[in-house]
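As given, the protein sequences belong to chains U and Z, one line each in that order.
Position one of the first sequence corresponds to residue 127 (my numbering), numbered consecutively onward.
Position one of the second sequence corresponds to residue 826 (my numbering), numbered consecutively onward.
For reference, the structure discussed in these notes is given below.
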Amino acid sequence: MVKDLSVELCGIRLKNPVVPASGTFGFGLELSDSLDLNVLGGISLKGTTREARYGNPTPRIADCPAGMLNAVGLQNPGIDVLVQEKVPALRKIYDGCVIANISGFSLDEYRHCCALADTCPGIDLIEVNISCPNVHGGGMAFGTSAAAAAEVTAAVKEVCRNKRIFIKLSPNVTDIVEIARACEDAGADGLTLVNTFLGMRIDIARRSPVLANKMGGYSGAGIFPIALRMVYQVAHACRIPVMGCGGVTCARDVIEMMMAGATAVQVGAENLRNPFVCPEIVEELPSLMEQLHIESLRDIIGTV
Amino acid sequence: MKEVTFTVLENSPLAPRTFRMKLAGDTSAIRCSGEFVQVAVEGKFLRRPISVHDCDWETLTLVYKVVGEGTAVLSAKRPGDRVRALTGLGNSFDVDSCPHKALLLGGGVGAAPLYLLAKELCAQGKEMTVILGFNTASEVMLADEFEQIGADVHIATMDGSAGTRGFVTDVLRLKNIPYDYFYACGPKPMLKAVCSAIHTPGEVSLEERMGCGAGFCYGCSIQTKNGPRRVCKDGPVFKKEELIW
């Protein structure tokens, strides 16, 4: 029997729940020669700010057991280039759910970028990053306090008349459920969790941090159980849909995330070691569903 | 970009902590010199970027230095073992930009990618001078290989134990070497010195800690005169004029 992999996020149908996470798949275009983008349920585009940003000095990447650190620092061409060039170019070759990921350093910047994304015809969903831990004085402050997270949510909801808003949460908090509830109460249409965990490595020969930025976000297979726990807690505490993210590497992880309450599942760091992992997961899902006697993925969301 | 599982044919020391690994497998995604491959290493999360030293229809040869745990794992591979790699990564050296006389400068293991380049230049009938720099005589490698394809080879060592004492730029200063274009690969201070000492146009191959190696994670970006560029995708080879030191 044909398995139904489709899911629905706030009324938007995704052919499957597999979505490359923001920052680990560029603007999709970078990979269009290497794989068939149209097998992907959605693509979360690289985090975008009002102005173009170069980001942090190199080294920006450090290898870790079961994962990696990144301190890219939101390198991006700015919101104007996103809506005028990147999204239209991607739309020409991709028919799935295009998710714009918006970052900001002030409420004004969030408002400005979200308003532009809201009127861009190629964008299906807006994901607001309030959790990027890399940038000095950056998004961290918003994502780590319930009041500030609610403030950003309300601000962007006010300017977005067409598109649904997902708030992407930071895991570097004491109680993620409190922040998730604050975003839901402020009008968020959905939540993506989690972003990376703030981490650090030291080069013991040089006696200095490996990353030029000293600290960076840890992601990869090692964070999967923690991310899953947070998805479980938030999905059971909130009514709005959740995109689960953190350490997903295979179809099995996707099923686990969905059982914990995720409607869609993002794949992040694993893309960097295996650029073909997302299509591989999509291909792997039906046989795993068969083994588990699952006809439709929608049936397992939040069943644990 | 293509993921290939290679079989190790040979993996032997070439110089202290430096190995030559010859691999059999599908090399169809590798187009020309200057490219690199991303090698998967057991027990390590990220792949290791290693330049293409030589390549034909059936084999790929890498020359790499053991600089950490990842390359140490690689050095333990034996003939018959499997090695997975993403192939066809990065841009390439531009052989057509060299009018007649090429100067190739390699520092340490930076000599590795210049070999396939030298073969391409040779095929175009261009004259070649190769200057290789090392710390000491025991580290000298690949000089014979370059000579065999008709290059005029000079050696520089920091301690003077082989060739000219000093840097590759000291060889240039002391000897009257004819060239109208240069290609360089090696440690950053060497590349910086080369770019300021040489007044002809040329290009250098850069190294950077990489994430994906294929241009979509933006982990290896550098600032250039033309704005931010990804070492893995827009490079690793950059024109001298483009770089900011």
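No residue lacks a Cβ here, since even glycine has one placed at the ideal position from N, Cα and C.
Q.
List, in chain order, every chain U residue whose beta-carbon is nearer than 7 Å to that of Glu1033/Z.
A. Walking along the second sequence from the start, residue 1033/Z turns up at place 208. Going along chain U in sequence order, the residues near Glu1033/Z (Cβ under 7 Å) are Thr184.
I want to see whether chain Z comes within less than 7 Å of Ile187/U, judged by CB atoms only; does it? In the first sequence, the residue the question calls residue 187/U occupies position 61. Yes, its Cβ sits closer than 7 Å to a Cβ of chain Z.
Exercise for review: Leaving aside the five residues before and after Ala936/Z along the sequence, list all residues of the same chain whose C-beta is less than 6 Å from its C-beta, in chain order.
Suggested key: The sequence position of residue 936/Z within the second sequence is 111, counting from 1. So the qualifying residues of the chain are Leu957 and Leu967.
**Message:** List, in chain order, every chain Z residue whose beta-carbon is nearer than 7 Å to that of Ala353/U.
**Reply:** Against the first sequence, residue 353/U aligns to sequence position 227. In chain order: nothing, as chain Z lies at least about 16 Å away.
**Prompt:** Closest by CA to Leu1068/Z, which one among Cys1057/Z, Lys1050/Z and Asp1059/Z?
**Reply:** Counting from 1 along the second sequence, the entry for residue 1068/Z is found at position 243. Among Cys1057/Z, Lys1050/Z and Asp1059/Z, the Cα nearest to that of Leu1068/Z is on Lys1050/Z.
Item to check | Option nearest Thr270/U by Cα separation, candidates Arg333/U, Leu295/U and Arg287/U | outcome: Counting from one through the first sequence, the residue named residue 270/U turns up at place 144. Of the candidates Arg333/U, Leu295/U and Arg287/U, the one whose C-alpha sits nearest the C-alpha of Thr270/U is Leu295/U.
Q) DSSP on Met369/U, reduced to helix/strand/coil? A) In the first sequence, the residue the question calls residue 369/U occupies position 243. Here Met369/U sits in strand by DSSP.
Q. What residue does the alpha helix (DSSP H) around Tyr358/U start on, and which one ends it?
A. If you number the first sequence from 1, residue 358/U lands on position 232. Counting along the chain, the alpha helix (DSSP H) containing Tyr358/U begins and ends at Phe350 to Ala363.
Starting from the beta carbon of Ile956/Z, find every residue of chain U whose beta carbon is closer than 7 Å, and list them in chain order.
Along the second sequence, one-based indexing puts residue 956/Z at 131. Neighbours of Ile956/Z on chain U: none; closest Cβ ~28 Å, over 7 Å.
Listed by chain order, chain Z residues near Glu156/U by CB distance under 8 Å
Taking the first sequence and counting its residues from 1, the one referred to as residue 156/U is at position 30. Ordered by position in chain Z, the residues that pass the 8 Å Cβ test against Glu156/U are Ala1039, Gly1040, Phe1041 and Lys1058.
Handout entry: Beta-carbon proximity list for Asp162/U, same chain, < 8 Å, skipping 5 on both sides
Key = Position 36 of the first sequence, counted from the first residue, corresponds to residue 162/U. Taken in chain order, the residues that qualify are Pro405.
I need the DSSP call for Gly264/U, collapsed to helix, strand or coil. Locating residue 264/U in the first sequence gives position 138, counting from the first residue. With a pLDDT of 49 at Gly264/U, under the threshold of 50, the modelled position of this residue cannot be trusted; read the value that follows with caution. Gly264/U: coil per DSSP, three-state reduction.
Which partner residues does Ser837/Z have in the DSSP bridge list? As a position in the second sequence, residue 837/Z is number 12, starting the count at 1. Answer by DSSP bridge pairing, in chain order: Arg845/Z.
When you measure from the CB of Tyr1043/Z to every non-hydrogen atom of the ligand SAH, does any distance come out below 6 Å?
The ligand SAH is not among the ligands present in this structure, which contains no ligands whatsoever.
message = If I measure Cβ to Cβ from Met326/U and keep anything under 7 Å in the same chain, skipping five residues before and after, which residues do I get?
response = The sequence position of residue 326/U within the first sequence is 200, counting from 1. Cβ neighbours of Met326/U beyond the five flanking positions: Pro335, Lys340 and Met341.
Exercise. State yes or no: is the beta carbon of Pro874/Z nearer than 7 Å to at least one beta carbon in chain U?
Key: Position 49 of the second sequence, counted from the start, is the residue given in the question as residue 874/Z. Output row for Pro874/Z: interface = no.
Phe350/U CB to nearest chain Z CB: under 7 Å?
Within the first sequence, the letter at position 224 stands for residue 350/U. Answer no: the Cβ-Cβ gap between Phe350/U and chain Z never drops below 7 Å.
query: Among Ser858/Z, Glu828/Z, Ala897/Z and Met826/Z, which has the Cα closest to the Cα of Arg788/Z?
result: No answer is possible for residue 788/Z: the residues shown for chain Z start at 826 and end at 1070.
Since Arg290/U and Gly316/U are thought to touch, with beta carbons under 8 Å apart, how far apart are those beta carbons, to the nearest angstrom?
The residue you call residue 290/U lines up with position 164 of the first sequence. The residue you call residue 316/U lines up with position 190 of the first sequence. Contact holds; Cβ gap of about 7 Å.
Inter-residue spacing [alpha-carbon to alpha-carbon] between Val209/U and Arg176/U | Working through the first sequence from its first residue, we reach residue 209/U at position 83. Working through the first sequence from its first residue, we reach residue 176/U at position 50. Cα-Cα distance, rounded: 11 Å.
*DSSP three-state assignment for Pro214/U, whether helix, strand or coil*: The residue given as residue 214/U occupies position 88 in the first sequence. Correct three-state label for Pro214/U: helix.
Check: If you run the structure through DSSP and keep just helix, strand and coil, what is Ala388/U?
Finding: Taking the first residue of the first sequence as 1, we reach residue 388/U at position 262. Of the three classes helix, strand and coil, the one that applies to Ala388/U here is coil, per DSSP.
request  = Could you work out which residue in Pro1012/Z, Gly1040/Z and Met1035/Z is closest to Phe151/U when comparing CA atoms only?
outcome  = Here residue 151/U is taken as the residue at index 25 of the first sequence, counted from 1. It is Gly1040/Z whose Cα lies nearest to the Cα of Phe151/U.
*For Gly935/Z, which three-state DSSP category applies?*
Indexing the second sequence from 1 puts residue 935/Z at position 110. Gly935/Z: helix per DSSP, three-state reduction.
For Ile228/U, which beta-bridge partners are listed by DSSP? By one-based count along the first sequence, residue 228/U stands at place 102. Answer is Thr174/U and Val254/U.
| What's the gap between the Cα of Leu1016/Z and the Cα of Ile1023/Z? | Within the second sequence, the letter at position 191 stands for residue 1016/Z. Within the second sequence, the letter at position 198 stands for residue 1023/Z. Whole-angstrom Cα-Cα distance: 10 Å.
Ignore the nearest five residues each way along the sequence and tell me which others in His262/U's own chain have a CB closer than 6 Å to its CB. As a working note, residue 262/U is residue 136 in the first sequence. With a pLDDT of only 46 at His262/U, under the threshold of 50, the placement of this residue in the model should not be trusted; the figure read from the coordinates follows. Nothing listed; no residue qualifies.
Checklist entry - Taking contact to mean at least 3 C-beta pairs separated by less than 8 Å, is the segment 971 to 982 of chain Z in contact with the segment 943 to 960 of chain Z? => result yes
Exercise for review: Output, in chain order, the set of chain U residues within a Cβ distance shorter than 7 Å of Glu828/Z.
Suggested key: Counting from one through the second sequence, the residue named residue 828/Z turns up at place 3. The answer, in chain order, is Phe402.
Worksheet item: Any C-beta of chain Z sitting closer than 7 Å to the C-beta of Arg399/U?
Response: Counted from its first residue, the first sequence places residue 399/U at position 273. So yes, Arg399/U belongs to the interface.
- Query: Mind pulling the chain U residues with CB within less than 7 Å of Gly1044/Z?
  - Reply: Reading the second sequence from its first residue, position 219 is the one you call residue 1044/Z. Neighbours of Gly1044/Z on chain U, chain order: Arg186, Ile187, Asn196 and Val198.
*For Ala407/U, does the three-state DSSP call read helix, strand or coil?*
For the purposes of this step, residue 407/U is taken as the residue at position 281 of the first sequence. The sequence given here places Ile at residue 407/U; Ala does not occur at that position. Ile407/U: helix per DSSP, three-state reduction.
Check your understanding: Taking the alpha-carbon positions, what's the Tyr236/U to Ile205/U distance?
Key -> Taking the first residue of the first sequence as position 1, residue 236/U is located at position 110. Taking the first residue of the first sequence as position 1, residue 205/U is located at position 79. One C-alpha to the other measures close to 11 Å.
Which two residues bound the contiguous beta strand (DSSP E) that contains Ala865/Z? In the second sequence, residue 865/Z corresponds to position 40, counting from 1. From DSSP, Ala865/Z is part of no beta strand (DSSP E); its letter is neither H nor E.
- prompt: Anyone know if the C-beta pair for Phe918/Z and Tyr1008/Z falls short of 7 Å?
  reply: For the purposes of this step, residue 918/Z is taken as residue 93 along the second sequence, with counting starting at 1. For the purposes of this step, residue 1008/Z is taken as residue 183 along the second sequence, with counting starting at 1. Yes.
Mind pulling the chain Z residues with CB within less than 7 Å of Phe151/U?
Reading the first sequence from its first residue, position 25 is the one you call residue 151/U. Under the 7 Å cutoff, chain Z gives Phe1041.
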